[in-house]
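A.B. asks: One structure, as structure tokens, below. Some questions next.
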Amino acid sequence: MIIGLLVNRTKRRQGEAEATLVADISSKFVNLPSGEVDREIMAAQRRICELLGLDFSTLWQWSDGAPGFFTLTHFYSARDGPQPPERMNQDQYPWARQQMLAGRIIKVSSLDELPIEAACDRETLRQFGIKSNLAIPLAVGGGQALGLLGLGTMQAERDWPDALVKRLQVVAQIFANALARKHADQALRESEERMTLAAEAAEFGVWAWSITRNEVWGSERWLRLFGFVAGETVNFHKILERIHPDDRATVEREVRHALVSGIDYAGEFRAVLPDGSQHWIASRGRGYPDANGTPTRMLGAARDSSERRLAEMETRELRGHLAHADRVTLLGQLASALAHELSQPLGAILRNAEAAEMILQTPAPDLDELRAIVTDILSDDQRAGHVIERLRSLLKRRSLDPQPINLQAVIAEVLALVHADAAARQVKLAFAATPALHMVLGDRVHLQQVLLNLLVNAMDALDACNPDQRSIQVVAHRTDVATVEVRVSDNGPGLPGDSPERWFEPFFTTKPNGMGMGLPVSRTIIEAHQGKLWAEHGPQGGACFCFTVPVVGGEVDN
Ligand code: ADP
């Protein structure tokens with residue numbers, strides 16, 4: 409009985425010591441930085457072996473990087489001797505591998521206990537001189553095992569009582585959690601590094617704003633963008649202070665809106681640095697809410713966009729100038745047409761005035777006749793006024809103002825304008841439109857400019873042809889419910905062998921006095937109308953320029 413009591417007491421003591429060890433290990437791993445996980449695992453392995461009188465403890469992991477292998481990552485041995493290999497082919501433990509993947513513990517007090525299916529495993533264990541062995545799978549949250557914790561003896565066989573196994577399972581769980589956290593940290597660090605690298609390559613600065621702590625972390629490049637020095641503590645308020653006063657409220661409003669709405673922030677603003685210099689910054693960011701939906705973090709990237717801004721402004725300005733210059737050139741070419749247009753009403757006015765003068769010289773002037781003459785003079789004067797008004801609106805530099813317009817009337821007006829010029833150049837003009845074209849949404853003056861351009865180009869191209877063969881056809885028709893297409897085709901030399909897209913490049917011209925801006929400007933105008941402008945082979949063998957404009961409303965009243 410005494411012996412029995414003594415054995416019981418020893419067992420109890422051992423149990424208590426084991427429980428203390430587990431509690432101890434567990435407390436060590438609470439909030440353990442991932443850099444210390446490996447060291448603490450190995451220290452725990454040593455303490456377990458010492459307390460239980462084991463010869464070794466191994467921790468094997470498997471990874472996608474080395475499929476088919478167990479990799480020894482943590483090891484403790486109580487005695488000197490050969491270390492197990494760093495990598496072990498899983499084929500050497502086929503049965504154990506199955507058990508581990510199924511999440512089962514392997515408890516071997518004596519190698520003879522192993523089932524027949526484990527013959528290969530037994531042989532391997534024997535080769536390593538292992539007498540008894542306990543292997544516990546390492547898994548997190550019921551997922552697939554990421555490795556196993558092995559414990560064993562080489563001197564003598566031993567038992568693995570259930571109570572002990574349960575405690576060691578707790579330890580294995582602690583290890584598994586710590587390793588999973590370490591892997592996740594590592595993956596996060598790697599992905600952060602990759603992101604920073606990519607951002608650097610794209611000349612982006614990255615930033616992370618902890619809203620709860622009101623702290624902004626930024627990469628070096630980002631800090632430089634706002635004129636902050638490395639290591640400076642930055643918060644949202646400090647950033648706002650570096651933003652141009654005119655842009656500040658917008659940025660603040662847009663960022664807050666992004667956080668509330670969950671939509672990404674994307675903005676461009678001017679930064680004013682402490683030395684007074686200014687530049688543009690384009691920034692994007694995404695808010696990350698906590699479990700309650702409250703945004704706690706925002707991550708993003710920013711870059712210096714001054715160059716692009718400047719280029720954009722220059723292009724816009726240049727385009728304005730060119731479009732203007734282009735209109736002036738066109739008007740030069742159209743001078744004769746306009747003179748012709750004006751000469752008609754002016755001639756009529758003159759003739760009417762002469763007639764009136766003659767009537768007035770008669771003894772009893774016919775007042776009704778005189779009244780009719782004055783009405784004619786007034787209407788002719790209005791006609792002349794309209795011609796001049798058209799001229800003026802063509803010359804004026806103005807922005808696009810799309811209105812519902814009658815495209816057929818616009819085409820007719822332009823054809824009237826070029827009529828005299830065409831006649832002088834012996835070019836036949838023909839116009840055909842589907843009887844009821846819909847109103848289109850467009851800017852009259854800009855569309856006139858496009859048409860003029862295409863017609864003048866076609867006439868220029870026809871200079872190369874025999875005078876009796878020069879003809880231009882303008883056709884307008886609906887292609888679908890939403891679009892009207894206008895086609896200007898000539899029977900000139902036509903498209904070049906290579907891509908006609910070249911014609912649309914700015915400054916491409918084959919004319920001695922050409923500017924090469926007509927087509928690019930026309931295309932810009934049509935695209936601003938949500939339409940397309942392109943060139944194709946014409947039905948008469950020459951070139952055909954086509955453009956589309958969107959339809960609005962109902963049919964035109966004829
Ligand atoms: P420009 O008229 O000042 O040369 P454009 O941009 O209007 O500038 O035209 C570019 C070039 O496209 C012209 O120089 C000409 O070579 C070619 N081109 C345009 N329209 C036609 C056409 N209808 N037939 C043949 N070539 C054309």
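Residue numbers (the numbering used here): 409 to 966.
Beta carbons: idealized from backbone N, C-alpha and C, even for Gly.
Quantities reported herein were computed from a predicted structural model and do not represent experimental measurements.
Suppose the cutoff is 7 Å on Cβ atoms and the five residues either side in sequence are ignored; what does the same chain contact list for R534 look like?
C.D. replies: Locating residue 534 in the sequence shown gives position 126, where the first residue counts as 1. Excluding sequence neighbours, R534 sits near L519.
A.B. asks: If you compare alpha carbons, which of V579, Q594, P492 is closest to P441?
C.D. replies: Working through the sequence shown from its first residue, we reach residue 441 at position 33. When only C-alpha atoms are compared, the closest one is Q594.
A.B. asks: Would DSSP call N622 helix, strand or coil?
C.D. replies: Along the sequence shown, one-based indexing puts residue 622 at 214. N622: coil per DSSP, three-state reduction.
A.B. asks: What does the alpha-carbon distance come out to for the pair Q769 and V883?
C.D. replies: For the purposes of this step, residue 769 is taken as the residue at position 361 of the sequence shown. For the purposes of this step, residue 883 is taken as the residue at position 475 of the sequence shown. Near 53 Å, if we compare the C-alpha coordinates of V883 and Q769.
A.B. asks: Is any heavy atom of ligand 1 found at a distance shorter than 6 Å from the C-beta of G905?
C.D. replies: Within the sequence shown, residue 905 is the residue found at index 497, counting from 1. Checking the Cβ of G905 against ligand 1 gives no.
A.B. asks: Would S517 and D567 qualify as a contact pair, given that the criterion is a beta-carbon distance under 7 Å?
C.D. replies: If you number the sequence shown from 1, residue 517 lands on position 109. If you number the sequence shown from 1, residue 567 lands on position 159. Against a cut-off of 7 Å, the Cβ pair of D567 and S517 comes out as a contact.
A.B. asks: Excluding sequence positions up to five away, which residues of its chain have a Cβ less than 7 Å from the Cβ of D809?
C.D. replies: Mapped onto the sequence shown, residue 809 falls at position 401. Correct list, in chain order: D851.
A.B. asks: Candidates A564, G558, W503, M562: which alpha carbon is nearest V975's?
C.D. replies: Residue 975 lies beyond the residue range present for the chain, which begins at 409 and ends at 966; the question has no answer from this structure.
A.B. asks: If you drop the 5 nearest sequence neighbours on each side, which residues of the same chain put their C-beta closer than 6 Å to that of R931?
C.D. replies: Taking the sequence shown and counting its residues from 1, the one referred to as residue 931 is at position 523. Result list for R931: F912, L941, in chain order.
A.B. asks: If I measure Cβ to Cβ from C952 and keep anything under 6 Å in the same chain, skipping five residues before and after, which residues do I get?
C.D. replies: Your numbering for residue 952 matches position 544 in the sequence shown. Excluding positions up to five away in sequence, the list reads R895, S897, E944, G946.
A.B. asks: How about R495 and F477: are their beta carbons less than 7 Å apart?
C.D. replies: Taking the sequence shown and counting its residues from 1, one reaches residue 495 at position 87. Taking the sequence shown and counting its residues from 1, one reaches residue 477 at position 69. For R495 and F477, yes; Cβs fall inside 7 Å.
A.B. asks: Within the continuous alpha helix (DSSP H) that includes T704, where are the two ends?
C.D. replies: If you number the sequence shown from 1, residue 704 lands on position 296. Looking at the DSSP string, T704 is not in any alpha helix (DSSP H); the run it does join, the beta strand (DSSP E), is 703 to 712.
A.B. asks: For N497, which residues does DSSP report across the bridge?
C.D. replies: Position 89 of the sequence shown holds residue 497. Looking at the DSSP assignment, N497 forms a beta bridge with F477.
A.B. asks: Can you name the start and end residues of the alpha helix (DSSP H) that Q491 belongs to?
C.D. replies: In the sequence shown, counting from the first residue as 1, residue 491 sits at position 83. First-last for Q491: undefined, no H or E at that position.
A.B. asks: Report the option in V848, T891, D654, A830 whose CA atom is closest to the CA atom of A869.
C.D. replies: Along the sequence shown, read from residue 1 onward, the residue named residue 869 stands at position 461. The shortest Cα separation from A869 among V848, T891, D654, A830 belongs to A830.
A.B. asks: I need the straight-line Cα distance from A872 to K836, nearest angstrom please.
C.D. replies: As a first step, residue 872 must be located in the sequence shown, where it is residue number 464. As a first step, residue 836 must be located in the sequence shown, where it is residue number 428. Each residue's Cα considered, the two are about 15 Å apart.
A.B. asks: Are the region 845 to 863 and the region 817 to 831 touching by the rule of at least three beta carbon pairs closer than 8 Å?
C.D. replies: As far as the Cβ criterion goes, the region 845 to 863 touches the region 817 to 831, which means the pair count is three or higher.
A.B. asks: If we count the other Cβ atoms within 10 Å of its Cβ and call it buried at 16 or more, is V659 buried or exposed?
C.D. replies: Translated into the one-based positions of the sequence shown, residue 659 becomes position 251. Its Cβ being crowded by 16 or more others within 10 Å, V659 is buried.
A.B. asks: If we count Cβ pairs, one from each stretch, closer than 8 Å, do we get three or more for the region 619 to 635 versus the region 702 to 709?
C.D. replies: As far as the Cβ criterion goes, the region 619 to 635 touches the region 702 to 709, which means the pair count is three or higher.
A.B. asks: Are the region 419 to 431 and the region 456 to 468 touching by the rule of at least three beta carbon pairs closer than 8 Å?
C.D. replies: As far as the Cβ criterion goes, the region 419 to 431 touches the region 456 to 468, which means the pair count is three or higher.
A.B. asks: Which runs of the beta strand (DSSP E) at least 3 residues long sit entirely within the region 798 to 876? Give them in chain order.
C.D. replies: Runs found: 811 to 813, 836 to 841, 846 to 850.
A.B. asks: Roughly how many angstroms separate the alpha carbons of P653 and P928, rounded to a whole number?
C.D. replies: One-based indexing of the sequence shown puts residue 653 at position 245. One-based indexing of the sequence shown puts residue 928 at position 520. Roughly 38 Å separates the two Cα atoms.
A.B. asks: So, for A564: in the same chain, excluding its five sequence neighbours on each side, which residues have a beta-carbon less than 7 Å away from its beta-carbon?
C.D. replies: Walking along the sequence shown from the start, residue 564 turns up at place 156. Same-chain partners within the cutoff: K539.
A.B. asks: Please tell me whether A828 and D788 are closer than 7 Å, where the distance is taken between their beta carbons.
C.D. replies: Locating residue 828 in the sequence shown gives position 420, counting from the first residue. Locating residue 788 in the sequence shown gives position 380, counting from the first residue. Contact: no.
A.B. asks: Contact check, C528 vs P502 under 8 Å by CB: the rounded distance?
C.D. replies: Here residue 528 is taken as the residue at index 120 of the sequence shown, counted from 1. Here residue 502 is taken as the residue at index 94 of the sequence shown, counted from 1. Between P502 and C528 the Cβ distance is about 6 Å, and since that is below 8 Å, they are a contact.
A.B. asks: Nearer than 6 Å: is that true of the beta carbon of K919 relative to any heavy atom of ligand 1?
C.D. replies: Along the sequence shown, one-based indexing puts residue 919 at 511. Yes, ligand 1 has a heavy atom inside 6 Å of this Cβ.
A.B. asks: Leaving out five residues before and five after T604 in sequence, what residues of the same chain have Cβ atoms less than 8 Å from its Cβ?
C.D. replies: Start at 1 with the first residue of the sequence shown, and residue 604 comes out as number 196. V614, S627, listed in sequence order.
A.B. asks: If you measure between the beta carbons of I514 and A543, is that distance less than 7 Å?
C.D. replies: Here residue 514 corresponds to residue number 106 of the sequence shown, with the count starting at 1. Here residue 543 corresponds to residue number 135 of the sequence shown, with the count starting at 1. Taking 7 Å as the Cβ cut-off, I514 and A543 qualify as a contacting pair.
A.B. asks: Near D463, which residues of its chain fall below 8 Å by C-beta distance, leaving aside the five closest residues on each side in sequence?
C.D. replies: Counted from its first residue, the sequence shown places residue 463 at position 55. Closer than 8 Å at Cβ, skipping near neighbours: C457, S485, A486, R487, G560, T561, M562, Q563.
A.B. asks: Using only the alpha-carbon positions, how far apart do G701 and V668 sit?
C.D. replies: Against the sequence shown, residue 701 aligns to sequence position 293. Against the sequence shown, residue 668 aligns to sequence position 260. Answer to the nearest angstrom: the Cα atoms are 9 Å apart.
A.B. asks: Do you know offhand how far Q877's Cα is from G902's?
C.D. replies: As a position in the sequence shown, residue 877 is number 469, starting the count at 1. As a position in the sequence shown, residue 902 is number 494, starting the count at 1. Taking the straight line joining both Cα atoms gives about 14 Å.
A.B. asks: With a floor of 4 residues, list each alpha helix (DSSP H) that falls wholly inside the region 605 to 676, ordered by position along the chain.
C.D. replies: You should have 628 to 633, 644 to 649, 653 to 669.
A.B. asks: Go ahead and pull the three-state DSSP assignment for V929.
C.D. replies: Here residue 929 refers to the residue found at position 521 when the sequence shown is read from its first residue. V929: helix per DSSP, three-state reduction.
A.B. asks: Following a CB-centred definition, is W911 positioned closer than 6 Å to any heavy atom of ligand 1?
C.D. replies: Within the sequence shown, numbered from 1, the residue matching residue 911 stands at position 503. W911 Cβ: within cutoff of ligand 1.
A.B. asks: A504: which of A553, G461, S471 sits nearest, CA to CA?
C.D. replies: Here residue 504 is taken as the residue at index 96 of the sequence shown, counted from 1. For A504, the nearest C-alpha among the options comes from A553.
A.B. asks: Measuring alpha carbon to alpha carbon, tell me which residue in I785, P490, A763, S751 is nearest Q796.
C.D. replies: Counting from 1 along the sequence shown, the entry for residue 796 is found at position 388. According to the sequence displayed, residue 796 carries Ile and not Gln. Ranking I785, P490, A763, S751 by Cα distance to I796 puts S751 first.
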